[in-house]
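Presented below is the structure to which this report refers.
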Amino acid sequence: MISLPHTAVFPNGLLLHRTTCRNPSRRLRIRSSSSVQERGADKAADSAEEGTGLKPELYASAPLPPVRAAKRVVLVRHGQSTWNAEGRIQGSSDFSVLTKKGEAQADTSRQMLVDDSFDVCFSSPLKRSKKTADIIWGNRGNEMITEFDLREIDLYSFQGLLKNEGKAKFGPAYRQWQVDPANFNIDGHYPVRELWSRGRSCWDKILAHESKSILVVAHNAVNQALVATAIGLGTEYFRVLLQSNCGVSVLDFTPRADGGSPHICLNRLNQTPNSPVASGSSGGRKTCKRIVLVCHGATQGDNEAVFPNFDDQPMNMLGAIQSQKTAELLLDLKVSSIVSSPKSASIETAGVISRVQEAADCLGADCVPRYVEMKQMNDLDVEGAFHKSTKSEASDPSLLSGWLSELDDETASALWNQSGKAWESLLAELSDESEPEKVVVVVANPSVHISLIAQCLNLTKEWLGSFHLDEGSISVVDFPDGPGGRGVIRCINYTAHLGRWSIPITRPTAGEEEF
Numbered sequence: 018m019i020s021l022p023h024t025a026v027f028p029n030g031l032l033l034h035r036t037t038c039r040n041p042s043r044r045l046r047i048r049s050s051s052s053v054q055e056r057g058a059d060k061a062a063d064s065a066e067e068g069t070g071l072k073p074e075l076y077a078s079a080p081l082p083p084v085r086a087a088k089r090v091v092l093v094r095h096g097q098s099t100w101n102a103e104g105r106i107q108g109s110s111d112f113s114v115l116t117k118k119g120e121a122q123a124d125t126s127r128q129m130l131v132d133d134s135f136d137v138c139f140s141s142p143l144k145r146s147k148k149t150a151d152i153i154w155g156n157r158g159n160e161m162i163t164e165f166d167l168r169e170i171d172l173y174s175f176q177g178l179l180k181n182e183g184k185a186k187f188g189p190a191y192r193q194w195q196v197d198p199a200n201f202n203i204d205g206h207y208p209v210r211e212l213w214s215r216g217r218s219c220w221d222k223i224l225a226h227e228s229k230s231i232l233v234v235a236h237n238a239v240n241q242a243l244v245a246t247a248i249g250l251g252t253e254y255f256r257v258l259l260q261s262n263c264g265v266s267v268l269d270f271t272p273r274a275d276g277g278s279p280h281i282c283l284n285r286l287n288q289t290p291n292s293p294v295a296s297g298s299s300g301g302r303k304t305c306k307r308i309v310l311v312c313h314g315a316t317q318g319d320n321e322a323v324f325p326n327f328d329d330q331p332m333n334m335l336g337a338i339q340s341q342k343t344a345e346l347l348l349d350l351k352v353s354s355i356v357s358s359p360k361s362a363s364i365e366t367a368g369v370i371s372r373v374q375e376a377a378d379c380l381g382a383d384c385v386p387r388y389v390e391m392k393q394m395n396d397l398d399v400e401g402a403f404h405k406s407t408k409s410e411a412s413d414p415s416l417l418s419g420w421l422s423e424l425d426d427e428t429a430s431a432l433w434n435q436s437g438k439a440w441e442s443l444l445a446e447l448s449d450e451s452e453p454e455k456v457v458v459v460v461a462n463p464s465v466h467i468s469l470i471a472q473c474l475n476l477t478k479e480w481l482g483s484f485h486l487d488e489g490s491i492s493v494v495d496f497p498d499g500p501g502g503r504g505v506i507r508c509i510n511y512t513a514h515l516g517r518w519s520i521p522i523t524r525p526t527a528g529e530e531e532f
C-alpha cells in the first residue's frame, strides 16, 4: 500500500499522527487532544504566519459538541447537474442546474426516503442542491434551513473550466489537484484544507439543532468532508469515501454518559439510486480491480434480543431471501472468485451467488455461463476471537449501532489482527496479473467486514465502532491504481437491493421509539 501522511482523532478523543503504510515497520505516535482549544486559538496566528490557510494537523482535531439525545443525520448529494454532464469543474459556482436525469435521480431518492421521518432539512444555497432538497422534501411541512457553509468546495480560478482546459491552463497545479488534492494550492488557497475546516464547523450548527432526525442536502466534496470530519479522518481521505449523485450516507450520533463528544457511527455510505456495482469507474477513474464485501444472510439464531450471533447457524428464510437478492444484484458483475468464511451462513450465501453467476446465460445476463472459483478462508471466521470475550456485549441490543466500540481490548485486538491477515490475503488474491480485470466477492459476518473496511482505510482497532453493517448488505471497494494502491470506498452497508426487506434509513436506535 502507498504511504500517506495521516492525522485523525480516535473515537476516544486521542489525536493520532502517523504515516500509514501497509508494512510491518509502520510507525504510530499518539498524543492527548487536551490542548485542542489552545491549538484552535492559535489557528489564526499560524495561518497569518504561513499564508497558506489552516495547518493539516488541525483539520480533524476538535471533538464534536455533545448531544443530549441520539441523532441521525442523513446526507444526500444533489442530482446530476448540467456542469456534471458537461465535465466542467463546478466548485462553489452557481451557474449549473439539475438535468432531467438529475431531477429523476432526486425523485428516486425521494421515493427511497418517502416513509422516513425528518424533523428538519439543511440545504446548500446553490441551485442544484436546493432543487434536489425541494424534490426530496416534497410536501413535508417541517423546517428547511439554507446553510451557506454547506456550499461545494471553493475552487477559485478552476471553476467553470472543462477538465481539459484546467489541465492546459494550470498544468502542474491541475496535476496536483488530481494526485495530491490535500496539498493542492490555487490563488493562494488550499481548497481541501479550507473545506475540511468548513465541514467541521457545519457540525456545530447541525448538531446544535434540537431535531433527532436531520436531512442534509449538499454536494460531493462537502459531503465527503462532513463524513470524514465526523468520524475523525483528515484531508488525505478526500476522494476515498465516494459520494455519487443523489447518494445517501447516514451518521448516528449517540450521547456519552460523561457528556463529552458523542459516539459517532457511519451507518451507511453512498446508497445510490442506481446499482453500486454496475459502473466500472470510481469517482471518474476507471477501475479494473474490486472487492465486494457481502454480509451473509440472517441466521436461525438471530433475533433482536441476541445480536450479533456467532454460533454456526444455517440461514433462516429471511437470510435465504437476502442472499438471493444479493446474488441478483451481483449479476451485473462478472465475479472472478468468491471467498467465504467457513461458517454455514457464509457458505450458503456464497453458494447462492455462485449458482446465479453460473446461470448468467439462462438469466439473460450473458451468452455463456460464468464459472466462479469458490474458496474458504479461515481468517474470516471470528467466532474464536469473540468467544475470548468475558463481556456480554452480544446480548445487548443497544450495541446495534457501533457496538464494536464496546469490545474489551483483548477481543478487539484478536479481531483486528485476524482481519489484518485476511485483508492481506484478499489483496494477494486480487493481485493476480493474469486477470487484468478481477472482482473478488467476500462473504462473512458483518463484524469481519467492518474490520476489513477499517483495514482498507489504514485505520486502527480504535475505529471499529465507527462503522455499522447489516446482514444481507454489501460494501464495495475499488482499486483504480490496482491492489497495491489505495482503496476507494464506493459504498458501505448498501441494502436497497433487498427491497421490502431493507432496513429503513431513519430506523431508530435502541431506546428511541422514533426519531
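So for the sequence shown, our numbering puts the first residue at 18; every next one is plus one. We put the CB at the ideal spot given by N, CA and C, even for glycine. Quick caveat, the model's predicted, so the values are computed rather than measured.
Determine the burial state of residue i: buried for a count of at least 16 other Cβ atoms within 10 Å of its Cβ, exposed for fewer.
i      : result
LEU81  : buried
LEU380 : exposed
CYS384 : exposed
TYR191 : buried
GLU427 : exposed
GLU103 : exposed
ALA274 : exposed
GLY158 : exposed
ASN156 : exposed
GLU454 : exposed
SER451 : exposed
GLY502 : exposed
PRO189 : exposed
VAL373 : buried
Tell me whether residue i sits in a helix, a strand or coil according to DSSP, three-state version.
i      : result
CYS38  : Summary for CYS38: the model assigns pLDDT 41, below 50, so the residue's position carries little reliability; its value from the coordinates is reported in the next sentence. It is coil, neither helix nor strand.
HIS541 : The structure shown does not extend to residue 541, since the chain spans only 18 to 532, so no value can be given for it.
ARG256 : coil
VAL460 : strand
GLU390 : strand
PHE496 : coil
PHE201 : coil
THR271 : strand
HIS226 : coil
HIS313 : coil
GLN472 : helix
LEU397 : helix
ILE338 : helix
LEU424 : coil
GLN176 : coil
Sort out for me which residues DSSP pairs residue i with in a bridge.
i      : result
SER110 : Its beta-bridge partners do not exist; DSSP assigns none.
SER140 : THR163 and VAL234
LYS455 : LYS306
HIS280 : THR271
SER332 : The residue asked about is misnamed: residue 332 is Met in this sequence, not Ser. Bridge partners of MET332: THR316.
CYS508 : VAL493
Roughly how far, in whole angstroms, is the beta-carbon of residue i from the beta-carbon of residue j, given that I think they are within contact range, below 8 Å?
i      : j      : result
HIS313 : GLY482 : With a Cβ gap of about 21 Å, HIS313 and GLY482 do not count as contacting.
PRO497 : LYS303 : 7 Å
GLN122 : ASN262 : 5 Å
LEU172 : GLY108 : 3 Å
SER448 : PRO500 : 5 Å
SER490 : THR512 : 5 Å
GLY358 : VAL460 : Note on residue identity: the sequence assigns Ser, not Gly, to residue 358. Yes, they are in contact, since the Cβ atoms of SER358 and VAL460 sit about 7 Å apart, within 8 Å.
THR90  : VAL265 : For clarity, residue 90 is Val in the given sequence; the question names Thr instead. Contact flag wrong, Cβ pair sits at about 11 Å.
Under 8 Å Cβ to Cβ from residue i, same chain only, skipping five residues before and after it: list those, please.
i      : result
GLY68  : Here the model assigns GLY68 a pLDDT of 42, short of 50, so the residue's position is not dependable, and the following value carries that caveat. Result list for GLY68: GLY205, in chain order.
VAL131 : GLY155
Residues in its own chain within less than 7 Å of residue i by CB, not counting five upstream and five downstream?
i      : result
GLN435 : ASP396, VAL399 and ALA402
TRP154 : CYS138 and MET161
GLY183 : ILE106, PHE175 and TYR191
ASP349 : SER292, VAL294 and ALA295
THR316 : ASN326, GLN330, PRO331, MET332, ASN333, GLY336 and ALA362
ILE152 : GLU120, ALA123, ASP124 and ARG127
VAL369 : SER340, GLN341 and ALA344
Beta-carbon within less than 6 Å of residue i's beta-carbon, same chain only, minus the 5 sequence neighbours each way: which residues are those?
i      : result
PRO463 : CYS312 and LEU486
THR125 : PRO290
SER42  : At SER42 the pLDDT is 34, less than 50, meaning the model places this residue with poor confidence; the figure from the coordinates comes in the next sentence. Closer than 6 Å at Cβ, skipping near neighbours: no residue.
ALA242 : LEU212, TRP213 and GLY216
LEU444 : PRO500
ASP495 : SER299, THR304, ARG307, VAL505 and ARG507
Tell me, please, whether the CB atom of residue i is closer than 8 Å to any CB atom in chain B?
i      : result
TYR207 : Within the model displayed, chain B is absent; a lone protein chain is all it includes.
Given the structure, does residue i come close to the ligand NAP, in the sense that its CB is under 7 Å from one of the ligand's heavy atoms?
i      : result
ALA439 : Ligands in the displayed structure: none, and consequently the ligand NAP is not present.
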